[in-house]
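Residue numbers (our numbering): 230 to 338.
Glycine residues also receive a C-beta, built at the ideal position from the N, C-alpha and C atoms.
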């Protein structure tokens, strides 16, 4: 029987594969893309692996779409209240906001 650590590792590998397949299927077959994202969510619930930010960041929590800039998502830099990256899902309109820090320029004379 496999240990919990091994199961999480296998689940993470499978999640990464499903994410890549979902990105490829996003344009041609949106229903297949949604199915892949549902499988990713099921694996995350069952095995609780550490999922990289690059995967979590590009999945819409509302409609289970892969957020691909220019295809299924719109990406904007905003500075209202605080500087952030606004990713808007083009399927459901949900907005994800991720803060970023501005680098201060030092004046050298």
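Check: Have a look at the DSSP bridge pairing and note the partners of residue 317.; Outcome: 303, 324
Check: Which one of 245, 325, 273 has the shortest CA to CA distance from residue 307?; Outcome: 325
Check: Within the same chain, show all residues whose beta-carbon is closer than 7 Å to that of residue 293, passing over the 5 residues directly before and after it, in chain order.; Outcome: 263, 266, 267
Check: How long is the line joining the alpha carbons of residue 253 and residue 302, rounded to whole angstroms?; Outcome: 15 Å
Check: Are the stretch 271-285 and the stretch 234-244 touching by the rule of at least three beta carbon pairs closer than 8 Å?; Outcome: yes
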